[in-house]
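Heads up, the thing below is written out as C-alpha coordinates.
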Amino acid sequence: MAVPGGGAKDDSFNVLDLAEYTKNRPWWRKIFGPSSGSSAEKYNVATQLLIGGVTGWCTGFVFQKVGKLAATAVGGGFFLLQIANHTGYIKVDWNLVQRDMNKAKEQLKFHSSGNKMPPEVKSRVDEVIIFLKKNVILTGGFTGGFLIGMAS
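Number 39 in this note's numbering belongs to position 41 of the sequence shown; there are no gaps in the numbering.
Next comes the structure, spelled out in C-alpha coordinates:
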(Lines of atoms letter the chains of each structure in order from A and count residues from 1; the text may use other names and numbers.)
(Lines give C-alpha, C1' and ligand atoms only; values in the text may rest on other atoms or scores of the structure.)
Protein backbone atom coordinates (compact mmCIF):
# COMPACT_ATOMS: atom_id res chain seq x y z
CA MET A 1 0.00 0.00 0.00
CA ALA A 2 1.46 3.35 -0.99
CA VAL A 3 1.64 6.19 1.46
CA PRO A 4 1.35 9.82 0.29
CA GLY A 5 4.96 10.45 1.34
CA GLY A 6 6.21 7.99 -1.26
CA GLY A 7 7.28 5.16 1.12
CA ALA A 8 5.51 1.91 1.83
CA LYS A 9 3.48 1.55 5.03
CA ASP A 10 4.21 -1.53 7.10
CA ASP A 11 0.84 -2.85 8.30
CA SER A 12 1.11 -5.38 11.09
CA PHE A 13 -1.97 -6.72 12.76
CA ASN A 14 -2.43 -8.67 15.94
CA VAL A 15 -4.91 -11.49 15.51
CA LEU A 16 -7.24 -12.10 18.45
CA ASP A 17 -8.72 -15.58 18.55
CA LEU A 18 -12.04 -15.01 20.33
CA ALA A 19 -12.63 -18.70 20.95
CA GLU A 20 -9.37 -19.01 22.89
CA TYR A 21 -9.93 -15.67 24.61
CA THR A 22 -13.36 -16.66 25.96
CA LYS A 23 -12.26 -20.14 27.06
CA ASN A 24 -10.00 -18.63 29.70
CA ARG A 25 -12.62 -16.28 31.14
CA PRO A 26 -15.34 -17.23 33.64
CA TRP A 27 -18.94 -16.92 32.44
CA TRP A 28 -19.78 -14.07 34.82
CA ARG A 29 -16.91 -11.99 33.43
CA LYS A 30 -18.21 -12.63 29.90
CA ILE A 31 -21.60 -11.27 30.91
CA PHE A 32 -20.76 -8.50 33.38
CA GLY A 33 -17.37 -7.40 32.11
CA PRO A 34 -13.88 -7.36 33.59
CA SER A 35 -14.85 -5.26 36.61
CA SER A 36 -16.97 -8.10 37.99
CA GLY A 37 -14.46 -9.75 40.28
CA SER A 38 -15.46 -11.91 43.20
CA SER A 39 -17.64 -10.28 45.81
CA ALA A 40 -14.88 -10.84 48.36
CA GLU A 41 -12.86 -8.21 46.52
CA LYS A 42 -15.67 -5.64 46.53
CA TYR A 43 -17.72 -5.94 49.73
CA ASN A 44 -17.06 -6.46 53.41
CA VAL A 45 -18.22 -9.57 55.28
CA ALA A 46 -21.44 -8.05 56.68
CA THR A 47 -22.55 -6.83 53.25
CA GLN A 48 -21.82 -10.21 51.68
CA LEU A 49 -23.81 -12.01 54.37
CA LEU A 50 -26.70 -9.57 54.00
CA ILE A 51 -26.79 -9.84 50.21
CA GLY A 52 -26.52 -13.63 50.33
CA GLY A 53 -29.09 -13.94 53.10
CA VAL A 54 -31.68 -11.72 51.44
CA THR A 55 -31.34 -13.33 48.02
CA GLY A 56 -31.36 -16.78 49.63
CA TRP A 57 -34.49 -16.01 51.65
CA CYS A 58 -36.30 -14.69 48.57
CA THR A 59 -35.28 -17.73 46.55
CA GLY A 60 -36.29 -20.15 49.32
CA PHE A 61 -39.64 -18.43 49.85
CA VAL A 62 -40.49 -18.50 46.14
CA PHE A 63 -39.21 -22.09 45.85
CA GLN A 64 -41.47 -23.14 48.73
CA LYS A 65 -44.57 -21.47 47.26
CA VAL A 66 -43.98 -22.81 43.75
CA GLY A 67 -43.25 -26.27 45.18
CA LYS A 68 -46.52 -26.31 47.11
CA LEU A 69 -48.41 -25.13 44.04
CA ALA A 70 -46.79 -27.81 41.85
CA ALA A 71 -47.46 -30.54 44.43
CA THR A 72 -51.09 -29.44 44.69
CA ALA A 73 -51.52 -29.42 40.91
CA VAL A 74 -49.92 -32.85 40.43
CA GLY A 75 -51.78 -34.39 43.37
CA GLY A 76 -55.09 -32.83 42.33
CA GLY A 77 -54.64 -34.01 38.75
CA PHE A 78 -53.86 -37.52 39.93
CA PHE A 79 -56.90 -37.45 42.23
CA LEU A 80 -59.18 -36.33 39.37
CA LEU A 81 -57.79 -39.05 37.09
CA GLN A 82 -58.48 -41.68 39.76
CA ILE A 83 -62.06 -40.44 40.17
CA ALA A 84 -62.55 -40.45 36.38
CA ASN A 85 -61.15 -43.99 36.19
CA HIS A 86 -63.33 -45.21 39.06
CA THR A 87 -66.53 -43.74 37.61
CA GLY A 88 -65.78 -45.13 34.14
CA TYR A 89 -65.07 -41.91 32.25
CA ILE A 90 -61.62 -43.16 31.32
CA LYS A 91 -60.14 -46.63 31.12
CA VAL A 92 -56.48 -47.18 32.07
CA ASP A 93 -54.59 -50.00 30.34
CA TRP A 94 -52.48 -51.07 33.32
CA ASN A 95 -50.57 -53.64 31.27
CA LEU A 96 -49.38 -50.87 28.96
CA VAL A 97 -48.43 -48.71 31.96
CA GLN A 98 -46.44 -51.61 33.47
CA ARG A 99 -44.65 -52.29 30.15
CA ASP A 100 -43.72 -48.60 29.75
CA MET A 101 -42.48 -48.43 33.34
CA ASN A 102 -40.25 -51.46 32.77
CA LYS A 103 -38.86 -49.84 29.59
CA ALA A 104 -38.12 -46.65 31.51
CA LYS A 105 -36.37 -48.61 34.28
CA GLU A 106 -34.16 -50.36 31.74
CA GLN A 107 -33.23 -47.06 30.09
CA LEU A 108 -32.37 -45.54 33.47
CA LYS A 109 -30.17 -48.53 34.32
CA PHE A 110 -28.45 -48.26 30.93
CA HIS A 111 -27.77 -44.51 31.22
CA SER A 112 -26.70 -44.56 34.86
CA SER A 113 -24.22 -47.41 34.37
CA GLY A 114 -21.82 -45.22 32.34
CA ASN A 115 -21.57 -42.41 34.92
CA LYS A 116 -19.48 -40.33 32.51
CA MET A 117 -20.06 -36.62 32.61
CA PRO A 118 -19.74 -34.74 29.31
CA PRO A 119 -16.77 -32.33 29.26
CA GLU A 120 -19.06 -29.29 28.81
CA VAL A 121 -20.96 -30.14 31.99
CA LYS A 122 -17.74 -30.90 33.86
CA SER A 123 -16.25 -27.53 32.92
CA ARG A 124 -19.42 -25.71 34.07
CA VAL A 125 -19.41 -27.64 37.33
CA ASP A 126 -15.76 -26.70 37.83
CA GLU A 127 -16.59 -23.02 37.19
CA VAL A 128 -19.41 -23.12 39.76
CA ILE A 129 -17.13 -24.77 42.33
CA ILE A 130 -14.46 -22.12 41.78
CA PHE A 131 -17.09 -19.37 42.12
CA LEU A 132 -18.39 -20.90 45.35
CA LYS A 133 -14.87 -21.20 46.77
CA LYS A 134 -14.09 -17.57 45.97
CA ASN A 135 -17.39 -16.37 47.50
CA VAL A 136 -17.73 -18.57 50.57
CA ILE A 137 -19.32 -15.89 52.74
CA LEU A 138 -21.88 -14.93 50.12
CA THR A 139 -22.66 -18.62 49.52
CA GLY A 140 -23.05 -19.25 53.25
CA GLY A 141 -25.42 -16.31 53.57
CA PHE A 142 -27.42 -17.52 50.59
CA THR A 143 -27.67 -21.05 52.00
CA GLY A 144 -28.82 -19.81 55.39
CA GLY A 145 -31.32 -17.43 53.84
CA PHE A 146 -32.60 -20.15 51.52
CA LEU A 147 -33.24 -22.51 54.44
CA ILE A 148 -35.00 -19.77 56.42
CA GLY A 149 -37.06 -18.88 53.34
CA MET A 150 -38.08 -22.50 52.91
CA ALA A 151 -39.12 -22.68 56.57
CA SER A 152 -41.18 -19.47 56.54
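Backbone N, C-alpha and C fix where the C-beta goes; we use that ideal spot for every residue, glycine too. All values reported here derive from a predicted model rather than from experimental measurement.
Terminal residues of the continuous alpha helix (DSSP H) containing residue i?
i: N83; result: 43 to 85
So, residue i versus residue j, is the Cβ gap smaller than 9 angstroms?
i: T137; j: G50; result: yes
For residue i, name the three-state secondary structure that DSSP assigns.
i: K132; result: helix
i: D91; result: coil
i: V119; result: helix
i: F140; result: helix
i: V126; result: helix
i: N12; result: coil
i: K114; result: coil
Could you tell me the distance, in whole angstroms, from the CA atom of residue i to the CA atom of residue j?
i: K132; j: V126; result: 10 angstroms
i: A102; j: L94; result: 12 angstroms
i: V123; j: F129; result: 10 angstroms
i: G73; j: I135; result: 39 angstroms
i: V64; j: T70; result: 10 angstroms
i: N156; j: T141; result: This structure cannot settle anything about residue 156, because the visible part of the chain is limited to -1 through 150.
i: A68; j: A44; result: 35 angstroms
i: G143; j: K66; result: 19 angstroms
i: G58; j: K120; result: 26 angstroms
i: F61; j: M148; result: 7 angstroms
i: G139; j: Y41; result: 13 angstroms
i: I81; j: E118; result: 46 angstroms
i: V90; j: L79; result: 10 angstroms
i: Q46; j: F11; result: 44 angstroms
i: F77; j: L48; result: 43 angstroms
i: G54; j: L145; result: 8 angstroms
i: E104; j: V13; result: 51 angstroms
Would residue i count as contacting chain D if we go by Cβ distances under 9 angstroms?
i: D91; result: Reference to chain D is not applicable here, since this structure consists of a single protein chain.
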